[in-house]
Amino acid sequence: MDIANGFLAVAGQPTVTPLHVFRNALKQIFKGKAISAEPILLLSEKNTATFPLFILLEGNVFISHRTAFLIFALLHPILLKDYFHDETVKRSKELETTRAKDAFEKAGYKWVPSVTDKKKSTLEIDGLAGRNGMLFVVEVKGWGLKTFYEHKNRHEQLVRDLKGIVDGTKYKMKGNKLVQKKIPSLLKKIEYAKLNMDKHGFDSNVFKTVKGVIVIEDFPPITEYKEIRIVGLEDVPSLK
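So for the sequence shown, our numbering puts the first residue at -5; every next one is plus one.
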């Protein structure tokens, strides 16, 4: 993009520059690697194996700003996937520890985080949220649909994983094999909350209705499964 943006784009006209000017631009951007960068970026009669991002014809280089931006948009999330993953993990943690709490409390709920069953340590609830006699057993996941080139597969996996929370199945890839692990289901956590809410600050004489809800980062691919609501963070105030 630095190369393409270094040349003026004029509406209705192709952007063309002499080869020596293009090579000077390569030197400014790639420094000592300019010579090795040229055959990767520049398609010519002598170099036909590379992608036609910049095209050499009769001593002039043709530059397409739109093509350059399209390639940039496609490569950016791929080349920076590790950074994207690290940021996703960070935001997921913030969602579970802070942002979900803030969303429920702003909507008028009493929030109790990290509820565990002392008799069964594997049963852990991300949060209990109570308001007007309604108690929600909340599972918070920093999930959402990923970059568009992964959309279809991720959509199907997200539906599977959301249903897995309700049913008590966790899915994980081990090599090329999908492995399933049994975990406490959200349905069991709801039953636990019904029987033990008094231990966690909710009066069972007041909170007569207990429901489950899964809160994720983005808009959900499904909104309900086995009477469990699935909502995005911004939809928390609309819960009933």
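Just so it is clear, CB atoms sit at the ideal spot from N, CA and C, and this is done for glycine as well.
Rounded to whole angstroms, the gap between the alpha carbons of I(-3) and A28 is 12 angstroms. Here T91 carries a helix assignment [DSSP, helix/strand/coil]. The C-beta distance from A3 to T11 rounds to 12 angstroms, too long to meet the 8 angstroms contact threshold. Residues A31 of the same chain have their beta carbon placed closer than 6 angstroms to that of F24, with the five preceding and five following residues left out of the count. L233 has its alpha-carbon roughly 14 angstroms from the corresponding atom of I210.
Here the alpha carbon of F63 sits roughly 10 angstroms from the alpha carbon of H70. For K234, there is no enclosing beta strand (DSSP E), as DSSP gives it neither H nor E. Between V204 and L129, the C-beta gap is smaller than 8 angstroms, which places the two residues in contact. Per DSSP, the unbroken beta strand (DSSP E) holding I57 starts and ends at 54 to 57.
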